[in-house]
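Q: Protein chains in written order, with this note's numbering: chain B, 97 to 253; chain C, 1240 to 1556; chain Z, 41 to 723. Yeah, the Cβ is synthetic: ideal placement off N, Cα and C, and Gly gets one too. The structure presented is a predicted model; accordingly, all values stated were derived computationally and were not measured. Questions regarding the structure given below will be posed in turn.
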Amino acid sequence: MPPTDIFTLEVLRDYLLIGAALFALGILGFLSRRNLIVMFLSAEMMLQGVALTLVGFGRYHGNWTGQILTIMILTVAACEASIALALIVILYNRRSSLDVTLWQEIREAGVPATPASLISEEAEPVDAAPGPESYPHLTPAGVEPAHPVEPWIERRS
Amino acid sequence: MDVILNFIGSVLGMTGTYAVLFGGLGTYLLLPHRHGAIRPRAAHGAGLIAVALGLLIYMTYWRPPGLLLPAVFLYVFGATSVIGAVLTITSRDPVASALWFASVVLSTAGLFLLAEAPFLAAGTIIVYAGAVIVTFLFVIMLAQMEGKADYDRAARSPGWATLTSFIILWCLLASIATLKTGEKVGTGIHHLARNRLEPEKQLLRSRDLEAYIGSPDANMTGVVRRAVSPMSLVADARLAEGEAADNPEATSVLVHRPNVAGIAASMYTDHLASVAIAGALLFVALVGAVAITNPRMPVRPSSSDPAQRAAVGSVRP
Amino acid sequence: MESAYEPGFFVRNAWLIPFFPLLGALVTAVGARRLRGLAHLPVWAGIGLAFLVSLGTLASADHAAKYTVFEWLSAGNLEVPFQVRVDGLSTMMLSMVTFVSGLVAIFAAGYMHGDPSYPRFFALIGLFVASMTGLVLSNNYLLTYVFWEGVGACSYLLIGFWYARPSAAAAAMKAFLVNRVGDFGFAIAIFWLWSIAPGHDLSYDSIFAAAESGSIPTSAIAGISLLLFWGATAKSAQIPLYTWLPDAMEGPTPVSALIHAATMVTAGVYLLARSMPMVAMAPGVQAVIAATGCATALLAAAIALTQNDLKRVMAYSTVSQLGYMFMALGSGVGDVAQLAVVAAMFHLFTHAFFKALLFLASGSVMHAMGDVIDMRRFRGLRHRLPITYLTFAVGALALAAFPPLSGFFSKDEVLGAISGAIHASESYSWVYQIVYWTALVTAFMTAFYTGRAFFLTFHGPEKLPSPNDPEAPPVDAHAHGHADDAHGHHHEIGHESPPVMAIPLMILAGCTVLIGLICLVAWPITGGPAEWFAGHLEKTLGFEALGHGEHGFSWFTATLGTLLGVGGIALAYVMYAEPGPLPARMKERFGALYRASLGKFYVDEFYDATVVAIVRISASISDFVDTYVVDRLITGIALIPRAIGRARLALYQNGLIQFYAASSALCVAFLLLFLVLLGLQRP
Chain B
97 MPPTDIFTLE VLRDYLLIGA ALFALGILGF LSRRNLIVMF LSAEMMLQGV
147 ALTLVGFGRY HGNWTGQILT IMILTVAACE ASIALALIVI LYNRRSSLDV
197 TLWQEIREAG VPATPASLIS EEAEPVDAAP GPESYPHLTP AGVEPAHPVE
247 PWIERRS
Chain C
1240 MDVILNFIGS VLGMTGTYAV LFGGLGTYLL LPHRHGAIRP RAAHGAGLIA
1290 VALGLLIYMT YWRPPGLLLP AVFLYVFGAT SVIGAVLTIT SRDPVASALW
1340 FASVVLSTAG LFLLAEAPFL AAGTIIVYAG AVIVTFLFVI MLAQMEGKAD
1390 YDRAARSPGW ATLTSFIILW CLLASIATLK TGEKVGTGIH HLARNRLEPE
1440 KQLLRSRDLE AYIGSPDANM TGVVRRAVSP MSLVADARLA EGEAADNPEA
1490 TSVLVHRPNV AGIAASMYTD HLASVAIAGA LLFVALVGAV AITNPRMPVR
1540 PSSSDPAQRA AVGSVRP
Chain Z
41 MESAYEPGFF VRNAWLIPFF PLLGALVTAV GARRLRGLAH LPVWAGIGLA
91 FLVSLGTLAS ADHAAKYTVF EWLSAGNLEV PFQVRVDGLS TMMLSMVTFV
141 SGLVAIFAAG YMHGDPSYPR FFALIGLFVA SMTGLVLSNN YLLTYVFWEG
191 VGACSYLLIG FWYARPSAAA AAMKAFLVNR VGDFGFAIAI FWLWSIAPGH
241 DLSYDSIFAA AESGSIPTSA IAGISLLLFW GATAKSAQIP LYTWLPDAME
291 GPTPVSALIH AATMVTAGVY LLARSMPMVA MAPGVQAVIA ATGCATALLA
341 AAIALTQNDL KRVMAYSTVS QLGYMFMALG SGVGDVAQLA VVAAMFHLFT
391 HAFFKALLFL ASGSVMHAMG DVIDMRRFRG LRHRLPITYL TFAVGALALA
441 AFPPLSGFFS KDEVLGAISG AIHASESYSW VYQIVYWTAL VTAFMTAFYT
491 GRAFFLTFHG PEKLPSPNDP EAPPVDAHAH GHADDAHGHH HEIGHESPPV
541 MAIPLMILAG CTVLIGLICL VAWPITGGPA EWFAGHLEKT LGFEALGHGE
591 HGFSWFTATL GTLLGVGGIA LAYVMYAEPG PLPARMKERF GALYRASLGK
641 FYVDEFYDAT VVAIVRISAS ISDFVDTYVV DRLITGIALI PRAIGRARLA
691 LYQNGLIQFY AASSALCVAF LLLFLVLLGL QRP
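Rendered as structure tokens:
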């Protein structure tokens, strides 16, 4: 009886399933979140899913190609992250916001921009933070100490 | 009509359908959005439960390797990565998102280790957890995110997005689940050669293809030959297995090929062009990043206006 | 037999002949800025090298000498190799073309000196020579057609060289359009040939072999020959398509010399001569060719009688002499076929030299007169321009067929061929009878107008052009009189041309005399004045099959021709050598005829009123339909998507990345779903 490779098709399927889940959740994040940074995190997550699939296949076939492709993905992801973050910094500096929906200048002429009020309407209400709303006010007591006279203050006034 | 019923029957007959349904519902509830009259806390609780349920059903598809420790680790890493992914995309706070993403990366690296790719596992952790996520966090801090922004609490058309992504997930699941398990696979090429299984009926290993397309020396060259011929530990095991026919004691011999050496050998021979291109890409990205972030005055057109400067100046460290 | 032929060195490298001028043209075009005043050097070198190679090919000429340089076109069952044929006809043409073109190029360096577009001129000259030599060398009709078009395009560019001048632009356009009419005939001939040629092989040898073996029906041969002749009428300026050639002198004078002598107009004659093995099988077409040539010769000579523009006289004389060549070609019936081709090609050969000489000499006169070419505005230049005077005299005598110059022998050959055809032809003998006598009359007219131009220009009291000349036209209708210094002639008028212009004149005059002398010397040795030429030409593909014909030197024809020539010159001398009352009296006497001749028999006006008018009317109708029917329809249809887009689709173009990404992802999702469901159903 020849030895059986423990990385059977069933194990490969585990990898493919986890990769598929990461990929799909990445798509969801990219499509639904408005925050630029979260969008890019989602894109990276899709890449992770693909990398998992590649490594699984490489292991299954018993050659290095999958791992090498994954290394390429790492490279591309690193490049993408650096460029994307640089762009995000620029964009933030312009609008002081990371909202991707603020950037819709390339729309067809005459189409109205999405109003900002719509976002706050759709936004989830914030749960009130537990704890007291106000703090007790203490009245000052005792004698006020004499201020040391400093010549440069005098001169300034 | 029968066809449609047939479809619906086969779709509903799949366990994965329910996993996707629960997971999709849970994720939808977890996404930051105003869920009508439902209080956020209730929505979150229900969402978490649904996601957990979906994940459990999803995990029924997983078939761990026979050994105990790898099986446990597979479950742990897989579950962590999926949960981390859900939380990454649903967290209100970008910092939390980044940290959850770090957990995804770490568990993925663990899965890499299980797949006998230690170099890649280390590389992923170093590059992602070490560099990318730190850079993300740096940017997040730079932008002084607090998780209270309106846009972080309002997902964009979450219903449609959830539908889209979970349709894709269901399709992937369906196609992966219908892969032929092929009980005979793994018993070696001699078996394959004897039974002449049809290659399209099951997912063959490329090294097993040898049984169909002839010996590596015959009519293969270059990359194809190297892809088919034994290179890694598994293939070496198969080599040993070939010798096993006349030497029964050699069956359990597993020759471990050093991982990094193997990758390097393949990368700098078969994939040299890719390496060169990747290097060029990195260089261009470096130049691009420097060029983009180079602070020049026209970046903020109204910086001469003192009120504006006061308003946006706070974002500058 | 032909497969045993081993191509020699010059045959294998004959492609260099078009290549060198092309290379020179390219170098000139690319280095135009650097070269400036030296732009003529690469073209000189190119044409000179081409001439040397041509001389080499002269010795290697053979019936079967062909060589495939490379596979040019290969599409389906159409195989057109870039194949050169180095036989008697092509080597003769090549040597003549490169030699005359080279001299013209040398002359042009002096004539065009100082022109702002000097490099462009030489680049075009190089291209022109390359096209012409390529045309002569190619071994199949399609390749010939390509270079044929190249020659047409180059002539367009060169005639319109001073494109800022409306008359030049119009002349260029006219030349191009008229040539298109002829090219159309040639193209149809090629299509027809392609459809009937065995193996769709358009090369000359296979087509002639097929024609000879009878696998091409006689009617097709006649039709194709007629179509080829149609193409030749445009290129070689025959009735009804000759009208472009006299206008073509709007270009610089060297271009006129090139077009009239060496390159352009000889293409049509060459094409028919090349196709002679096929054309000779259609006696009816032959008669048409001879008649057309005869009519052209007579008409052009009649127009040339009264023209006042020196170059225009020369232009019409070219048309007339081309008519002679076509007469000779058309006489190639029965057993005198070869004789006729030899006569036509010999006349072409000698004509190239003396016509180039005459044009360059006219150019020299024009150069000296400050771009004035109207013969009424200058006279008696023989003392001021001695070299031009002498060389022009040689050319004029040759054109008037004065023995023993080259023109005498070639014209005699032509007349001999026609008289041979009178006896050889069975059913068209009467046509050749008329042609013969008309040719003799035309010879007299030729001598007369040549003498008139010569005496008007160089004899009589000296007179130089001046602005207040009473003879000068009030508004200079002729473009040459514009004197707009477009090509920078800033020198004093009335001086002999510089050596760079005078030397080519002398060489050409020498050649004209020399060819005559060779004929004279070779006569007793070979038994005929042009036998040496015929001997070379006999080494042409298909010519050995043509009837040789007994050719004795006809003293009757020769004496008659000479007498007519001398008579014409004598009449011209009497009328024009000194200013006298005779021309004016003649003008009064034959008033109507004179005006008709001066107005070129109103052929241009006739074309304008008929063909051009019809084309214009149909063009305006098309314009109307296009603007108001087609365009409206298209815009109307285009309005529908625009309205739909404005109303509905533009809303989806909202500029949100996530919306775009979601749309495409949703589509991908449904596509995947469809595929997966399809896959689920199958098992």
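(1) Name the chain B residues whose beta carbon is nearer than 9 Å to that of residue 1527 of chain C?
(2) Closer than 6 Å by C-beta to residue 172 of chain Z: which residues in its own chain qualify, once you throw out the five before and the five after it? Chain order, please.
(3) Enumerate in chain order the residues of its own chain whose CB-to-CB distance from residue 1314 of chain C is below 8 Å, with the five nearest sequence positions on each side excluded.
(4) Tell me the DSSP bridge mates of residue 121 of chain Z?
(5) What's the gap between the Cα of residue 690 of chain Z and the Cα of residue 679 of chain Z?
(6) So, at 8 Å on beta carbons, what are the nonlocal neighbours of residue 395 of chain Z in its own chain, with the 5 sequence-adjacent residues on each side left out?
(7) If you follow the alpha helix (DSSP H) that residue 80 of chain Z is part of, which residue opens it and which one closes it?
(8) So, under 8 Å CB-CB, residue 292 of chain Z and residue 151 of chain Z are touching, yes? Tell me the CB distance rounded to an integer number of Å.
(9) In terms of residues, what are the limits of the alpha helix (DSSP H) holding residue 1272 of chain C?
(10) How would you label residue 749 of chain Z, buried or exposed, when you count the other beta carbons within 10 angstroms and need 16 or more for buried?
(11) Which residues of chain B have a Cβ atom closer than 7 Å to the Cβ of residue 702 of chain Z, listed in chain order?
(12) According to DSSP, what are the bridge partners of residue 180 of chain Z?
(13) So, for residue 187 of chain Z: in the same chain, excluding its five sequence neighbours on each side, which residues have a beta-carbon less than 7 Å away from its beta-carbon?
(14) Identify the continuous alpha helix (DSSP H) that holds residue 645 of chain Z and give its terminal residues.
(15) So, is the C-beta of residue 160 of chain B closer than 9 Å to a C-beta in chain C?
(16) Only counting runs of 4 or more residues, tell me where the alpha helix (DSSP H) segments fall wholly within the stretch 1346-1377 of chain C, in order along the chain.
(17) Could you tell me whether any Cβ in chain Z is nearer than 9 Å to the Cβ of residue 142 of chain B?
(18) Leaving out five residues before and five after residue 479 of chain Z in sequence, what residues of the same chain have Cβ atoms less than 8 Å from its Cβ?
(19) By the criterion of Cβ-Cβ separation under 9 Å, what are the contact partners of residue 206 of chain B in chain Z?
(20) Look up residue 1529 of chain C in the DSSP assignment and say whether it is helix, strand or coil.
(21) Chain Z beta carbons: is any one of them nearer than 9 Å to that of residue 130 of chain B?
(22) Residue 627 of chain Z lies in the alpha helix (DSSP H); which residues open and close that run?
(23) Are residue 1338 of chain C and residue 174 of chain B closer than 9 Å when you measure CB to CB?
(24) Identify the contact partners of residue 1395 of chain C in chain Z, using a Cβ-Cβ distance below 7 Å as the criterion.
(25) In whole angstroms, what is the alpha-carbon distance linking residue 91 of chain Z and residue 143 of chain Z?
(26) For residue 106 of chain Z, list the residues DSSP reports as bridge partners.
(27) Three-state secondary structure (DSSP) at residue 159 of chain B?
(28) Whole angstroms is fine: what's the gap from residue 674 of chain Z's alpha carbon to residue 687 of chain Z's?
(29) Alpha carbon to alpha carbon, what distance is there between residue 143 of chain B and residue 676 of chain Z?
(30) Let me know the secondary structure DSSP gives residue 419 of chain Z once reduced to three states.
(31) Distance check for residue 1353 of chain C and residue 1311 of chain C, CA to CA, integer angstroms please.
(32) According to the Cβ coordinates, are residue 185 of chain Z and residue 247 of chain Z closer than 9 Å?
(33) Using C-beta distances below 7 Å, list every residue in its chain close to residue 7 of chain Z, excluding the 5 sequence neighbours before and after it, in chain order.
(34) Should residue 203 of chain B be flagged as near chain C, meaning a C-beta pair shorter than 9 Å?
(35) Quick check on the DSSP output: what are the complete alpha helix (DSSP H) runs of length 4 or more inside the stretch 450-481 of chain Z, in order along the chain?
(36) Quick check: residue 330 of chain Z and residue 374 of chain Z, are their CB atoms within less than 9 Å of each other?
A: So, from the data block:
(1) Listed by position along chain B, the residues whose Cβ is nearer than 9 Å to that of residue 1527 of chain C are 175, 178, 179, 182.
(2) For residue 172 of chain Z, same chain residues with a beta-carbon under 6 Å away, outside a window of 5 residues either side, are 137, 191, 303 in chain order.
(3) Exclusion of the five residues before and after residue 1314 of chain C leaves 1298, 1301, 1303 as the residues of its chain whose Cβ lies within less than 8 Å of its Cβ.
(4) Residue 121 of chain Z pairs with Z:111.
(5) Answer to the nearest angstrom: the Cα atoms are 15 Å apart.
(6) Answer for residue 395 of chain Z: 297, 300, 301, 354, 357, 358, 361, 435, 439, listed in chain order.
(7) Segment 80-100, the alpha helix (DSSP H) holding residue 80 of chain Z.
(8) The beta-carbon distance between residue 292 of chain Z and residue 151 of chain Z, rounded to whole angstroms, is 7 Å. This is short enough to meet the 8 Å contact definition.
(9) Per DSSP, residue 1272 of chain C belongs to no alpha helix (DSSP H) and is neither H nor E.
(10) No statement about residue 749 of chain Z is possible, as the shown extent of chain Z runs from 41 to 723 and does not include it.
(11) Going along chain B in sequence order, the residues near residue 702 of chain Z (Cβ under 7 Å) are 127.
(12) Per the DSSP secondary-structure output, residue 180 of chain Z pairs in a beta bridge with Z:243.
(13) 171, 174, 175, 178.
(14) Taken as a continuous stretch (DSSP letters only), the alpha helix (DSSP H) holding residue 645 of chain Z covers 643-647.
(15) At a cut-off of 9 Å between beta-carbon atoms, residue 160 of chain B makes contact with chain C.
(16) Qualifying alpha helix (DSSP H) stretches, in chain order: 1357-1363.
(17) No, its Cβ sits nowhere closer than 9 Å to a Cβ of chain Z.
(18) Here the set comprises 334, 337, 364, 367, 454, 455, 458.
(19) Near residue 206 of chain B (Cβ distances below 9 Å), the residues of chain Z are 686, 690.
(20) Looking at residue 1529 of chain C - three-state DSSP - the assignment turns out to be helix.
(21) Flagged as an interface residue toward chain Z: residue 130 of chain B, by a C-beta distance shorter than 9 Å.
(22) Residue range 622-629 is occupied by the alpha helix (DSSP H) that includes residue 627 of chain Z.
(23) Against a cut-off of 9 Å, the Cβ pair of residue 174 of chain B and residue 1338 of chain C comes out as no contact.
(24) What residue 1395 of chain C touches in chain Z: 698.
(25) So the two alpha carbons sit approximately 11 Å from each other.
(26) Z:125, per the DSSP bridge assignment.
(27) It is coil, neither helix nor strand.
(28) Just so you know, the alpha carbons of residue 674 of chain Z and residue 687 of chain Z end up roughly 20 Å apart.
(29) For residue 676 of chain Z and residue 143 of chain B, the distance between alpha carbons rounds to 49 Å.
(30) Residue state, collapsed to three classes: strand.
(31) So the alpha carbons of these two residues sit roughly 11 Å apart.
(32) No.
(33) Since the first residue shown for chain Z is 41 and the last is 723, residue 7 of chain Z is missing from the structure and cannot be characterised.
(34) Chain C has no Cβ within less than 9 Å of the Cβ of residue 203 of chain B.
(35) Listed in chain order, the alpha helix (DSSP H) elements of length 4 or more contained wholly in the stretch 450-481 of chain Z amount to none.
(36) No, the Cβ-Cβ distance between residue 330 of chain Z and residue 374 of chain Z is not below 9 Å.
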